[in-house]
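To start, the structure under review is shown below, and the notes come after it.
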Amino acid sequence: MVYGYIRIASKFFDTQQTVVKSSGNGAISLTSATATSTSSSAGIETQIRSRRKAAKMIISVVVLFGLCYMPVHLINTLRYTTGLPQTQLTTVASLISHWLCYANSAVNPIIYNFMNGKFRREFRKSFCYLCTTEVETQTPTMVTQTMKGL
């Protein structure tokens, strides 16, 4: 699994880009991008920056996943290989390690929010949509009456 993520990250950080070109007759060709014009060069640079941001986000999500799930796997491995005794300390450590697993799922949207502008925009749009639909469904007199009640 680590090998797969390393390959994905290396593709994102690869500066030699593959460009898909489509001709009018439906034929598609793949070429290596070495841009000569400034507009295509700027587009390729933007694409490279975008890929690097995505790679950083994937790497951070995977590392955080590993850190959150490592304690529970370590405790289970010790329990089954060395016969770790059941004490209050091991019980508390087991509970905390399981809470870390749950916390990983709660932290992922926060990582996406900090590292991905598209996620932020869509998240805001989904909540703003809920707010605007309530106001849009009311008649102007209802809105005025509601505001007077405030």
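Numbering (the working numbering), first residue to last: 3 to 152.
Even glycine gets a Cβ: it sits at the ideal position worked out from N, Cα and C.
> Hey, residue 105 and residue 130: beta-carbon distance below 8 Å or not?
Replying inline: Taking the first residue of the sequence shown as 1, we reach residue 105 at position 103. Taking the first residue of the sequence shown as 1, we reach residue 130 at position 128. Against a cut-off of 8 Å, the Cβ pair of residue 130 and residue 105 comes out as no contact.
>> So for residue 106, helix, strand or coil by DSSP?
In response: Taking the first residue of the sequence shown as position 1, residue 106 is located at position 104. DSSP places residue 106 in helix when its eight states are reduced to three.
>> Am I right that residue 63 and residue 98 are in contact with their C-beta atoms under 8 Å? What's the rounded C-beta distance?
In response: Taking the first residue of the sequence shown as position 1, residue 63 is located at position 61. Taking the first residue of the sequence shown as position 1, residue 98 is located at position 96. Contact doesn't hold; Cβ gap of about 21 Å is too wide.
>> Judging by CA-CA distance, which residue of 91, 102, 59 and 81 is the nearest neighbour of residue 7?
In response: Taking the first residue of the sequence shown as position 1, residue 7 is located at position 5. Among 91, 102, 59 and 81, the Cα nearest to that of residue 7 belongs to 59.
> Roughly how many whole angstroms lie between the Cα atoms of residue 110 and residue 89?
Replying inline: Taking the sequence shown and counting its residues from 1, the one referred to as residue 110 is at position 108. Taking the sequence shown and counting its residues from 1, the one referred to as residue 89 is at position 87. Each residue's alpha carbon lies about 32 Å from the other.
> In this structure, does DSSP put residue 8 in helix, strand or coil?
Replying inline: Your numbering for residue 8 matches position 6 in the sequence shown. Helix, per DSSP.
> Residues in its own chain within less than 7 Å of residue 95 by CB, not counting five upstream and five downstream?
Replying inline: Translated into positions along the sequence shown, residue 95 becomes position 93. Cβ neighbours of residue 95 beyond the five flanking positions: 77.
>> Considering only their Cβ atoms, is the gap separating residue 102 from residue 73 smaller than 8 Å?
In response: Reading the sequence shown from its first residue, position 71 is the one you call residue 73. Reading the sequence shown from its first residue, position 100 is the one you call residue 102. Yes, they are a contact pair.
> Secondary structure at residue 79, three-state DSSP: helix, strand or coil?
Replying inline: Against the sequence shown, residue 79 aligns to sequence position 77. In this structure, residue 79 counts as helix in the three-state DSSP scheme.
>> Tell me the rounded alpha-carbon separation between residue 56 and residue 87.
In response: Here residue 56 is taken as the residue at index 54 of the sequence shown, counted from 1. Here residue 87 is taken as the residue at index 85 of the sequence shown, counted from 1. Their backbone Cα atoms lie some 43 Å apart in a straight line.
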